[in-house]
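Trainee: Sequence order for the protein chains is A and B. Going by our numbering, the letters in the first sequence line up with residues 1 to 225, in that order. Going by our numbering, the letters in the second sequence line up with residues 1001 to 1225, in that order. All residues carry an ideal CB built from backbone N, CA and C; glycine is no exception. Starting off with a structure, shown below.
There are 2 protein chains.
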Amino acid sequence: MVMRARILVIEDELAISDLICMNLEAAGYESAAFYNGNDAADALERDASYDLALLDVMLPGRDGFSLLPLLRGKKIPVIFLTAKGDVASKVKGLKSGAEDYIVKPFEMLELLVRIEKILERAGKKREECIRIRDVCIYPERRQVTRGGTEVALKPMEFDCLMMFVRYKNIALTREQLLAGLWGVEFDGETRTIDVHVGRIRKKLDFWDVIRTIPRIGYRLEVKEE
Amino acid sequence: MVMRARILVIEDELAISDLICMNLEAAGYESAAFYNGNDAADALERDASYDLALLDVMLPGRDGFSLLPLLRGKKIPVIFLTAKGDVASKVKGLKSGAEDYIVKPFEMLELLVRIEKILERAGKKREECIRIRDVCIYPERRQVTRGGTEVALKPMEFDCLMMFVRYKNIALTREQLLAGLWGVEFDGETRTIDVHVGRIRKKLDFWDVIRTIPRIGYRLEVKEE
DNA sequence: CGCTATTGTTACAAAATGGTTACAGAAACC
DNA sequence: GGTTTCTGTAACCATTTTGTAACAATAGCG
């Protein structure tokens, strides 16, 4: 399993919690949600391997502030989610050692940016990963996940995929791929490329992502740049 | 005439030099080759309007390093071509102000990518898309869009269009087109050209853009700027 | 206006190309 | 040495591409 930053979401409003979790997942994090302070505390006692916690101040059971020392003790940085304009909570939270706070209602993007910044500061920066649709590619680990679960790519398939990533949005000829994957002096069937592309497409559901360029070769199509 | 980036190739091995120049031309650059340091230096004194230089370290006459100050003085970025494992040269080259180096034997594609990157950094990025009316042509993607949506050009149609673009505003005879698209030794009906032109015109609404030159052939009409 | 030379358009069948599967040799791993 | 995994190749088949021919339309020209 690939190492993704794990984020604890402690928030009693289901709608907000779900929204946050969905966005975290989409951004490539792992999320775990708890809806009251007691459950969260219990969970932390069993497993404290979280990289960051999003903590609502107003909670049923133990409130947010009472969870802070526990989290601080486990060295888990905390971002407080405070109701609008609740300056008292804000100040109290920061004094108690929260890393940051964010006022509800907030922009999801802003939350993600703050999370990224804190993880970076904490040296827990997520591995550099290349995302294409629901697929994450981790070059250093030579690992690929799809929808969060690992996909077993064979070495050559991975190399091939990396070459596509390296030259994304460029039409690569079979000869270029052959030269890039085996070296210039290798003379093999260019059709071998097709087989590898077929295997990658199948495993990653990349039928539209790796486009066939007739008579030429293939091109990895990545929208956002 | 189109403003294409001009690249100076200073390399004594004819085979390598030719190969590089061919690929540069194919990629849409203009290339000028010199086979020893003295000639290159003379040429630079006369005309320094190059956008980038590929410089072999080992050269007859003045060697690569001695040319560096001249090139730097003319603000021409340099990519060193070093023999495999010649780490000393590499370090010396980069310290002397070369933008990049590449170790022989190298992948042509990689060289092209590095060139692209440096030109981009120098603000001399060549147009990655050629626009004609509402049509965008992306040569390295082998893709064409019209009004933002992709138009599926068949391989031969794309090649044909690229030939027109390459020689825009120049009347091309059917024989020239035939030779350029299939190779000189191909003997086919010249009328086949007409069919392809017809198909391109239809797909891109290019009835006025690709003008018929009676008894000769066709010409792609583009208003400069 | 006819006539001719030339170009535009369409349809089609041959050829080329790509997706897929199965498999054998190679490599890696006990 | 035996087993498993990896990977390059060949083969098969469906699809796409494309060259050509045939026919329609147009322009040039007296």
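Could you tell me whether the Cβ of A/P214 comes closer than 8 Å to any Cβ of chain B?
Mentor: Walking along the first sequence from the start, residue 214 of chain A turns up at place 214. Interface residue, yes.
Trainee: Helix or strand or just coil, what does DSSP make of B/L1220?
Mentor: Locating residue 1220 of chain B in the second sequence gives position 220, where the first residue counts as 1. In the structure shown, B/L1220 sits in a strand (DSSP, three-state: E or B).
Trainee: Is there a Cβ of chain B sitting closer than 8 Å to that of A/A83, yes or no?
Mentor: Here residue 83 of chain A is taken as the residue at index 83 of the first sequence, counted from 1. Chain B contact via Cβ: absent.
Trainee: According to DSSP, is A/L59 helix, strand or coil?
Mentor: The count along the first sequence starts at 1 and reaches residue 59 of chain A at position 59. It is coil, neither helix nor strand.
Trainee: If we count the other Cβ atoms within 10 Å of its Cβ and call it buried at 16 or more, is A/E11 buried or exposed?
Mentor: If you number the first sequence from 1, residue 11 of chain A lands on position 11. The residue is buried, with at least 16 neighbouring Cβ atoms inside 10 Å.
Trainee: Taking the alpha-carbon of A/E13 as reference, which of A/R191, A/T145, A/L55 has the nearest alpha-carbon?
Mentor: In the first sequence, the residue the question calls residue 13 of chain A occupies position 13. Closest by alpha carbon: A/L55.
Trainee: Taking 8 Å as the cut-off, decide whether the C-beta atoms of B/E1078 and B/A1098 are in contact.
Mentor: Reading the second sequence from its first residue, position 78 is the one you call residue 1078 of chain B. Reading the second sequence from its first residue, position 98 is the one you call residue 1098 of chain B. Residue 1078 of chain B is actually Val in this sequence, not Glu. A contact, by the Cβ cut-off of 8 Å.
Trainee: Leaving aside the five residues before and after A/I132 along the sequence, list all residues of the same chain whose C-beta is less than 7 Å from its C-beta, in chain order.
Mentor: Locating residue 132 of chain A in the first sequence gives position 132, where the first residue counts as 1. Closer than 7 Å at the Cβ level, and outside the excluded window around A/I132, lie V209, V222.
Trainee: Does the structure place the region 1154-1162 of chain B close enough to the region 1198-1209 of chain B that three or more beta carbon pairs sit under 8 Å?
Mentor: They touch, by the three-pair rule.
Trainee: Can a CB atom of chain B be found closer than 8 Å to the CB of A/R199?
Mentor: Within the first sequence, numbered from 1, the residue matching residue 199 of chain A stands at position 199. Closer than 8 Å: no.
Trainee: Where does B/I1076 sit, in a helix, a strand or coil, going by DSSP?
Mentor: Within the second sequence, the letter at position 76 stands for residue 1076 of chain B. B/I1076 falls in the coil class under three-state DSSP.
Trainee: Helix, strand or coil: which one does DSSP assign to B/V1002?
Mentor: What you label residue 1002 of chain B is simply residue 2 of the second sequence in a count that begins at 1. Residue placement at B/V1002 is poorly supported in this model, since its pLDDT is 47, which falls under 50; the coordinates are not used for a value here.
Trainee: Could you name the residues that DSSP lists as bridge partners for B/A1032?
Mentor: Taking the first residue of the second sequence as 1, we reach residue 1032 of chain B at position 32. According to DSSP, B/A1032 bridges with B/L1008.
Trainee: Closer than 8 Å is the cut-off here; do at least three beta carbon pairs connect the region 1142-1155 of chain B with the region 1040-1059 of chain B?
Mentor: Too few Cβ pairs lie closer than 8 Å, so no.
Trainee: For A/A26, count neighbouring Cβ atoms within 10 angstroms of its own Cβ and tell me buried if that reaches 16, exposed if not.
Mentor: As a working mapping, residue 26 of chain A is identified with position 26 in the first sequence. When all chains shown are included, A/A26 counts as exposed.
Trainee: Report yes if the C-beta distance between B/I1020 and B/Y1050 is below 8 Å; otherwise report no.
Mentor: The count along the second sequence starts at 1 and reaches residue 1020 of chain B at position 20. The count along the second sequence starts at 1 and reaches residue 1050 of chain B at position 50. No, Cβ-Cβ distance for B/I1020 and B/Y1050 is not below 8 Å.
Trainee: Start and end of the beta strand (DSSP E) containing A/I213?
Mentor: Your numbering for residue 213 of chain A matches position 213 in the first sequence. A/I213 -> beta strand (DSSP E) spans 210-213.
Trainee: Pick out whichever of A/D47, A/F186, A/G183, A/G64 has its Cα sitting closest to the Cα of A/K74.
Mentor: Here residue 74 of chain A corresponds to residue number 74 of the first sequence, with the count starting at 1. The candidate whose alpha carbon is nearest that of A/K74 is A/D47.
Trainee: Can the beta-carbon of B/L1081 be found less than 8 Å from the beta-carbon of B/I1102?
Mentor: Along the second sequence, read from residue 1 onward, the residue named residue 1081 of chain B stands at position 81. Along the second sequence, read from residue 1 onward, the residue named residue 1102 of chain B stands at position 102. Against a cut-off of 8 Å, the Cβ pair of B/I1102 and B/L1081 comes out as a contact.
Trainee: Select from the region 142-172 of chain A all residues with a C-beta closer than 9 Å to any C-beta belonging to chain B, and list them in chain order.
Mentor: So the list reads R166, Y167, N169, I170, A171, L172, given in the order they occur along the chain.
Trainee: Going straight from the alpha carbon of B/G1028 to that of A/N169, what length do you get?
Mentor: As a working note, residue 1028 of chain B is residue 28 in the second sequence. As a working note, residue 169 of chain A is residue 169 in the first sequence. Answer to the nearest angstrom: the Cα atoms are 17 Å apart.
Trainee: What is the rounded straight-line gap between the Cα of A/Q176 and the Cα of B/L1109?
Mentor: If you number the first sequence from 1, residue 176 of chain A lands on position 176. If you number the second sequence from 1, residue 1109 of chain B lands on position 109. Cα-Cα distance, rounded: 7 Å.
Trainee: My parser needs the beta strand (DSSP E) runs of 3 or more residues fully inside the region 106-175 of chain A; what are they?
Mentor: Here the runs fully enclosed are 130-132, 135-138, 143-146, 149-151.
Trainee: Bridge partners for A/Y101 per DSSP, in chain order?
Mentor: The residue you call residue 101 of chain A lines up with position 101 of the first sequence. Answer by DSSP bridge pairing, in chain order: A/F80.
Trainee: With respect to the alpha helix (DSSP H) encompassing B/V1195, which residues constitute its N-terminal and C-terminal limits?
Mentor: Against the second sequence, residue 1195 of chain B aligns to sequence position 195. Note, B/V1195: alpha helix (DSSP H), 1191-1204.
Trainee: Could you tell me whether any Cβ in chain B is nearer than 8 Å to the Cβ of A/V9?
Mentor: For the purposes of this step, residue 9 of chain A is taken as the residue at position 9 of the first sequence. Chain B, which has no Cβ nearer than 8 Å to the Cβ of A/V9, makes this no.
Trainee: Can you pull the chain A neighbours of B/E1045, defined as C-beta to C-beta under 7 Å?
Mentor: Locating residue 1045 of chain B in the second sequence gives position 45, counting from the first residue. Correct list: empty, because the minimum Cβ distance to chain A is about 36 Å.
Trainee: Could you spell out where the alpha helix (DSSP H) holding A/S17 opens and where it closes?
Mentor: The residue given as residue 17 of chain A occupies position 17 in the first sequence. Segment 14-26, the alpha helix (DSSP H) holding A/S17.
Trainee: Going along chain A in order, which residues have a C-beta closer than 7 Å to the C-beta of B/P1105?
Mentor: Along the second sequence, read from residue 1 onward, the residue named residue 1105 of chain B stands at position 105. Those within 7 Å of B/P1105 in chain A are V184.
Trainee: In whole angstroms, give me the CA-to-CA distance for A/M163 and A/V195.
Mentor: Here residue 163 of chain A refers to the residue found at position 163 when the first sequence is read from its first residue. Here residue 195 of chain A refers to the residue found at position 195 when the first sequence is read from its first residue. Cα to Cα, A/M163 sits roughly 15 Å from A/V195.
Trainee: Check whether the Cβ of A/G37 lies closer than 8 Å to any Cβ atom in chain B.
Mentor: On the first sequence, residue 37 of chain A is found 37 positions in, with the first residue counted as 1. No, no contact with chain B.
Trainee: I'd like to know if B/E1030 contacts chain A, where contact means its C-beta is closer than 8 Å to some C-beta of that chain.
Mentor: Here residue 1030 of chain B corresponds to residue number 30 of the second sequence, with the count starting at 1. False, the Cβ-Cβ gap to chain A never drops below 8 Å.
Trainee: When you compare the CB of B/E1025 with every CB in chain A, is at least one pair closer than 8 Å?
Mentor: Locating residue 1025 of chain B in the second sequence gives position 25, counting from the first residue. Answer no: the Cβ-Cβ gap between B/E1025 and chain A never drops below 8 Å.
Trainee: Shorter than 8 Å from the beta carbon of B/L1177 to some beta carbon of chain A?
Mentor: Here residue 1177 of chain B refers to the residue found at position 177 of the second sequence. No, its Cβ sits nowhere closer than 8 Å to a Cβ of chain A.
Trainee: If A/G277 and A/L178 are in contact, beta carbons under 8 Å, what's the gap, nearest whole angstrom?
Mentor: Outside the shown range of chain A, which is 1 to 225, sits residue 277 of chain A, and nothing can be said about it.
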